[in-house]
Structures are given as C-alpha cells and as structure tokens.
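Here's the structure we're looking at; comments come further down.
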Amino acid sequence: MVSRRNLVAGIGASVASTAANRAMAQSFPFKPNQRYPDPAVEILDPGFAKYRLYRATLEQVATGMRWAEGPAYFPEGGYLLFSDIPNNRIMKYSEKDGSLSVFRSPANFANGNTRDRQGRLVTCEHSVTRRITRTEKNGKITVLADNFEGKRLNAPNDIVVKSDDTIWFTDPVFGIAGEWEGFKAKREQDNTNVFRIGTDGKLTAVITDLVNPNGLAFSPDEKKLYVVEWKGTPNRSIWSYDVNVDGTVGNKSKLIDAADQGSLDGFRVDRDGNLWCGWGSNGALQSEPTDTGGRKVYQLKGRPEDLDGVMVFSPQGKPLGFIRLPERCENLTFGGPKNNRLYMASCHSIYALYVEAHGAT
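Residues in the sequence shown are numbered from 11 upward in steps of one, following the numbering used here.
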C-alpha cells in the first residue's frame, strides 16, 4: 500500500523533474535495447570483454539540457551533479527516486565539476567569474582561484583532485570565446595553462605549452597525468606526463591521437588504468563541397552517428571498446553504490551503463 508520505514525495520528485526539463529544455526520447548483450557496447579488442556486463543495458536517466558537461558523483547522497552550460545551471540527478532538479542557477556557466576528498563540490566557473570554487557542506561558496600573476583566468574547464588534496584544472578560452558557453570577454592570460592549486592555496602553472587543454585525469597510481589538447595538430590528442614528487610534471609523450575525425573531450580512468573517453565528431569539413538538392554543401568528414559515444583505450593507448550513444559524449564519470556505473554527459542527455570496471579514486 502506498502511504501518503510516499505519494507526496513521488509527486514532488515528478514535479521537480518536469520543472527542470520544462525550463529551457531540449528533451529527446530514447528507447533502450531489450537484447542482452546490448549491441551499443562494441568490443574492439578481446581484452575489453571482461569489462562488459552481459546483462547491462544502456539507459537514458535524464534529458532536457542544451549542453551537458562536468558530471560528478556523490556517493554519500547517491546523486550526480552536472553542468548545463548554455542554460547557466548545475543539475542534480538522484539515483534514489530518479528525479532531475536544478541544483544551482545561475551557476556562472559552470563546466567541470568534481568531488574532493572531503565530499565537497569543486567547480570550474567557466565564464563571468572565471574561477575555481568549492561548495562547503553548509552551502557556502569558497573561491579557490580566480587569477594568476595578477591577471584573470581564461575559462576554467575541467578539474581533478589528487590524493594529496592538490587541485588540478585546465584553463582554455571556450567560456569567453563566444556567446554560447558564457559571455565573450577579453583574454588576459598569455597561455592556456594547466594549473595546480597547492594545499597552501598557491596557484602554479604546471603545463604552459598546450593549445586549449581540456579534459584531464591521473593514472591510478598518480604517477601519470593525462591531458587532452583540444586544438592539437593535426588532431586532438591526449598527452601523458610524468608527475614528480614536487608537484611538477615532465617527460611529455603523446598517448592517444584522435584520428578519423574523432573528438576528445572529458575522460576518466578506471582502476586498471584504462581511459574512458568522451567521443564524437570534431566538426571538420570535407575539402570540397558536394551537390545537395542543387546546392553546393560542405559536408562533415565522417559520419557523426558513427562517432558519438565513449571510446575506451588501454594504458598504452590501444583502442579496446566503444559505447555507441545517440548523442556526442562530452564528459563522463564513474558512480553508483559500487563505483561501476558509468555516467555519460552527452549533449542534451545523461546516459548510464553498468560495467565491470570501477573508477580509479
């Protein structure tokens, strides 16, 4: 029998979810595959088979965003926070009742989010304020960094917390380059750096030679730092750096080259060191137009529908598997009670898939 309390709670969750989707929403239907194993999970190397759960199906757990990004999972409350950048809000998906609600609005066009070792939200405010903030347990917002050498940051993008409580983030220009992910503004930093915030609060530029660095993550033993170069040439790439005991990095080498029109964005690393990477079309055009309905049209290279999803690479950069999605995947994270539910922020929606892999912590 359904109690009045449960009924009211259910109605409240439904109203919250409906309200969140109605405001500035672009919702899309999704039909999960009823067949096991789910054909959306493609094995590119036999070694990936052990990470596929035979009886797990790709799910759409939320929709109604304009550009979903920066997912971060909070096991204490069983919920996922993620950014909806153009709508200038941070959203909250609850595993307990499946509700979707607005966590913070306005959010200074928040992009990357993560959870620190004390269970607090740490956020890249992508535009307007252009800063790194921490949300305390009482809801107070603490500013961790907003300038370097007396000049404003560009547009903090993605962020990770190391086991020693240092905070590392990328600072490309996307949030100030146009009017979609924030407000167009003058760039003050000479470079697009990767920064480190020490436990003493000191901000240091640890990488200064990448063109618009994007996603970043550590290897499980934290001896390697991986960083996406969004404007790398000729293709987007993931660079690997040795992490030194003093917080500096060295020995730069290219680990992954996103050839074949692929687009690297955010990614996470599992306990075995594999890289689970958001993937999609990079928007590159053919060199010559084609005739379409009597007009000369420059078509995209490749087929976006064949590229949208998550590409999984070994620690050596070998492609292992691909999770096919109906939308381009910008970023992802591991979550769930067992840390084996992959949450994928993909344009307008959040997708989830249980896997036999666990996020590195």
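Even glycine gets a Cβ: it sits at the ideal position worked out from N, Cα and C.
Going by beta carbon distance, what residues of the same chain come within less than 6 angstroms of residue i, once the five residues before and after it are set aside?
i: E198; result: K161 and R162
i: A355; result: A78, E79, P81, F92, E340 and N341
i: F158; result: L213
Could you round the C-beta distance between residue i and residue j to whole angstroms and report it? I think they count as a contact, below 8 angstroms.
i: I248; j: V259; result: Their Cβ separation, rounded to whole angstroms, is 14 angstroms, which puts I248 and V259 out of contact at 8 angstroms.
i: A82; j: T124; result: 5 angstroms
i: R338; j: C357; result: 5 angstroms
i: G257; j: R206; result: 6 angstroms
i: Y364; j: L54; result: Wrong, their Cβ atoms sit about 20 angstroms apart, outside the cutoff.
i: N167; j: T180; result: 5 angstroms
i: G288; j: V320; result: 6 angstroms
i: D94; j: R65; result: Wrong, their Cβ atoms sit about 32 angstroms apart, outside the cutoff.
i: F277; j: G242; result: At roughly 15 angstroms, the Cβ-Cβ gap does not stay under 8 angstroms, so F277 and G242 are not in contact.
Whose C-beta lies closer than 7 angstroms to the C-beta of residue i among residues of the same chain, with five residues either side of it excluded?
i: N98; result: S115, P116, A117 and F119
i: V183; result: N164, A165, R197, T202 and N222
i: V307; result: P299 and T300
i: P42; result: T67, L68 and E69
i: W190; result: P96
i: F38; result: T73, H358 and S359
i: Q296; result: Y308, Q309 and K311
i: A370; result: P230, V279, D280 and R281
i: E7; result: The shown model of the chain, from 11 to 371, leaves out residue 7, and the question about it has no answer.
i: S137; result: N118, F119, A165, G185, I186, E191, G192 and F193
i: Q271; result: S291, N292, A294, K311, G312 and L317
i: G87; result: none
i: Y103; result: V71, A72, Y89, L90, L110 and I360
Using the C-alpha atoms, what's the distance from residue j back to residue i?
i: V322; j: F228; result: 15 angstroms
i: D318; j: T218; result: 30 angstroms
i: L330; j: A269; result: 15 angstroms
i: N31; j: N148; result: Confidence is the limiting factor: at N31 the pLDDT is only 49, short of 50, which leaves the residue's position unreliable, though a coordinate-based value still follows. If I take the Cα positions, the gap works out to 27 angstroms.
i: R141; j: L90; result: 22 angstroms
i: P47; j: S273; result: 27 angstroms
i: S111; j: D301; result: 45 angstroms
i: Q128; j: M101; result: 21 angstroms
i: T214; j: R305; result: 52 angstroms
i: E52; j: D316; result: 12 angstroms
i: A294; j: D275; result: 15 angstroms
i: I266; j: L220; result: 15 angstroms
i: F262; j: K60; result: First, the residue type needs correcting, since residue 262 is Lys and not Phe in the sequence shown. So the two alpha carbons sit approximately 31 angstroms from each other.
i: L373; j: F84; result: Nothing about residue 373 can be reported from this structure: the residues present for the chain run from 11 to 371 only.
i: K150; j: R45; result: 47 angstroms
i: R351; j: G303; result: 45 angstroms
i: E105; j: F113; result: 15 angstroms
i: F344; j: P49; result: 21 angstroms
Using C-beta distances below 8 angstroms, list every residue in its chain close to residue i, excluding the 5 sequence neighbours before and after it, in chain order.
i: D282; result: P230, P325 and A367
i: K233; result: D252 and V253
i: D126; result: V132, R144, V171, D175 and I177
i: K264; result: S247, I248, W249 and S250
i: K194; result: I186, A187 and G188
i: K348; result: H368
In this structure, does DSSP put residue i in helix, strand or coil?
i: Y64; result: coil
i: A274; result: Strictly speaking, residue 274 in this sequence is Leu, with Ala absent from that position. If DSSP states are grouped into helix, strand and coil, L274 belongs with coil.
i: G57; result: helix
i: I186; result: helix
i: L317; result: helix
i: M354; result: strand
i: L310; result: strand
i: A120; result: strand
i: F38; result: coil
i: A367; result: coil
i: T302; result: strand
i: E239; result: strand
i: D107; result: coil
i: W9; result: Outside the displayed span of the chain (11 to 371) sits residue 9, for which this structure offers no information.
i: G260; result: strand
i: A29; result: With a pLDDT of only 46 at A29, under the threshold of 50, the placement of this residue in the model should not be trusted, and no figure is reported.
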